[in-house]
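In terms of the UniProt record's numbering, the sequence shown is residues 1 to 343. Reading through the structure tokens given below for one structure.
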Amino acid sequence: MRNQTTKTVTAGVAVSLAVGAVALLSGCQEDVTTRTAVLSQYQTATADLATSTRALSESIAQICQAPSEERLAQAQHNWQQAFLNWMPLQGREKGSEAALALSWQIQFWPDKKNTTGRKLTQLLKQDTTWTPEAMAEQSVAVQGFGAMEWFLFDQSDALQQAEGCQLAHAVSLRLADSASQLQSAWQADPWQEMTPQMALGEYLGALNNQMDYTIKKLTRPMGKPGSPKPYQAEAWRAQYSLASLKASVAAMQALYLADGKGIDAMLRERGFADTATRISQRFEYLLSGWPASEAMVPLLTSRDGYRELINIYNGLEYIQIALHDEVAPELGVVVGFNATDGD
1 MRNQTTKTVT AGVAVSLAVG AVALLSGCQE DVTTRTAVLS QYQTATADLA
51 TSTRALSESI AQICQAPSEE RLAQAQHNWQ QAFLNWMPLQ GREKGSEAAL
101 ALSWQIQFWP DKKNTTGRKL TQLLKQDTTW TPEAMAEQSV AVQGFGAMEW
151 FLFDQSDALQ QAEGCQLAHA VSLRLADSAS QLQSAWQADP WQEMTPQMAL
201 GEYLGALNNQ MDYTIKKLTR PMGKPGSPKP YQAEAWRAQY SLASLKASVA
251 AMQALYLADG KGIDAMLRER GFADTATRIS QRFEYLLSGW PASEAMVPLL
301 TSRDGYRELI NIYNGLEYIQ IALHDEVAPE LGVVVGFNAT DGD
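This is the structure we're talking about:
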């Protein structure tokens with residue numbers, strides 16, 4: 001009887017260990033699959049950004065050779081495309097440290113005091129031959145998308161002058177160089193040495209950080225009812241604030257899904273399909289009902305338009321609360337303070 005009991009206990013332990021091993025292996029495989037999918041998104045996004053910023057730089061060079069309305073329109077289009085390609089990478093506070101360090105020189109925002117415009121005006125007055133290397137020594141306010149937006153959409157007359165076009169071309173080359181550095185920085189997997197749970201925390205944290213940033217892009221220009229702040233809007237000179245905000249929401253949706261291998265799939269696999277479905281549907285609802293305008297200012301200045309912006313805010317806040325209060329505990333992740341707290 002004693003031998004039989006011992007055999008039974010031993011067999012039970014063996015089965016438990018086997019089940020545990022299978023679960024551990026499954027968890028590790030899930031982690032690698034998710035990590036690979038998320039990293040692939042970053043790498044694709046940086047490649048697209050590098051390609052589109054080079055195209056922008058080339059279009060500025062063509063303007064400098066022979067200015068025309070057609071070439072200006074093409075450069076403006078290239079700026080818009082490159083800016084949309086930046087949205088999947090914007091607002092991230094998790095991942096490659098080398099990549100994160102490049103964020104401010106790619107985009108200086110919010111520009112509360114028109115620092116970009118003031119500094120570019122000062123640079124135009126200097127008798128200097130501007131190069132990408134020389135721009136790297138200047139303020140980040142004149143190195144990225146905001147500076148190119150100033151030239152293309154606000155002060156395009158400066159492109160008619162040799163000095164102004166040379167400065168604009170140097171800025172565009174600096175932006176393309178920063179995008180190339182960003183692409184290189186994401187070639188390595190920053191989560192490779194982390195435990196699966198730590199990597200999951202970084203993944204959810206990245207989504208949470210981007211949500212914080214996106215909400216800030218909306219609430220800063222909204223100000224208070226009756227007192228909007230249109231010049232606080234991202235890309236207000238290009239009248240592209242709402243288009244870029246939509247691209248940010250689409251990027252967060254893509255990160256959440258991660259090609260069917262992301263947080264959505266994890267929630268479903270762990271028995272939280274209801275949470276996954278509600279978040280997924282809210283993303284779809286937000287994007288399908290998005291206002292037609294590419295600019296935010298027209299919506300800021302009308303009651304019906306402002307109401308549409310409030311609806312967008314409510315949708316984003318719903319997802320943000322779900323990430324904090326449901327997704328994090330359901331996946332066993334502790335989400336820290338907002339990246340934008342205190343700003």
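Just so you know, even glycine gets a beta-carbon here, dropped at the ideal spot from N, CA and C. These numbers were taken from a predicted model, which means no experiment stands behind them.
Query: SER156 to ALA238 span [Cα, whole Å]; Result: 12 Å
Query: For SER227, three-class secondary structure by DSSP; Result: strand
Query: Beta carbon of TRP290 nearer than 8 Å to that of LYS246; Result: yes
Query: Reference THR51, options ASP325, ALA98, ASP177 and GLY226, closest by Cα; Result: ASP177
Query: Enclosing alpha helix (DSSP H) for TRP79 [first to last residue]; Result: 69–86
Query: Under the three-state DSSP convention, the category ASP127 falls into; Result: coil
Query: Simplified DSSP assignment, three categories, for PHE108; Result: coil
Query: Same chain, Cβ closer than 7 Å to GLY164, five either side skipped, listed in chain order; Result: LEU124 and ALA158
Query: Burial state of MET252 (16 or more Cβ within 10 Å); Result: buried
Query: Simplified DSSP state of SER302, which is helix, strand or coil; Result: coil
Query: Exposure of MET211, with buried meaning 16 or more beta-carbon neighbours within 10 Å; Result: buried
Query: Cβ pair GLU326, THR275 closer than 8 Å; Result: yes
Query: Simplified DSSP state of TRP150, which is helix, strand or coil; Result: helix
Query: Terminal residues of the alpha helix (DSSP H) in which ASP177 lies; Result: 162–185
Query: Buried versus exposed call for ASP48 [16 or more other C-beta atoms within 10 Å across all chains shown]; Result: buried
Query: Neighbour-count burial assignment, SER40, 16 or more Cβ in a 10 Å radius; Result: exposed
Query: Cβ neighbour criterion (16 or more within 10 Å) applied to GLU234; Result: buried
Query: PRO132: first and last residue of the uninterrupted alpha helix (DSSP H) it sits in; Result: 132–136
Query: Backbone CA spacing between THR340 and ALA66 [nearest angstrom]; Result: Interpretation of THR340 is limited by its pLDDT of 42, a score under 50 that renders its predicted location unreliable; the figure taken from the coordinates is listed afterwards. Approximately 43 Å between the Cα atoms of the pair.
Query: Identity of the residue in ASN209, GLN183 and HIS77 nearest GLY91 by Cα; Result: ASN209
Query: Contact the stretch 84–103 vs the stretch 181–188: 3+ CB pairs below 8 Å; Result: yes
Query: Close-in-space but distant-in-sequence residues of the same chain around LEU255 (CB under 6 Å, 5 per side omitted); Result: LEU207
Query: Contact between the stretch 303–317 and the stretch 266–280 (3+ Cβ pairs under 8 Å); Result: no
Query: Contact check, ALA136 vs ASP111, beta carbons under 8 Å; Result: no
Query: Residue range of the alpha helix (DSSP H) that includes LEU267; Result: 263–269
Query: Proximity winner among SER68, LYS94 and GLN74, relative to MET198 (alpha-carbon distances); Result: LYS94
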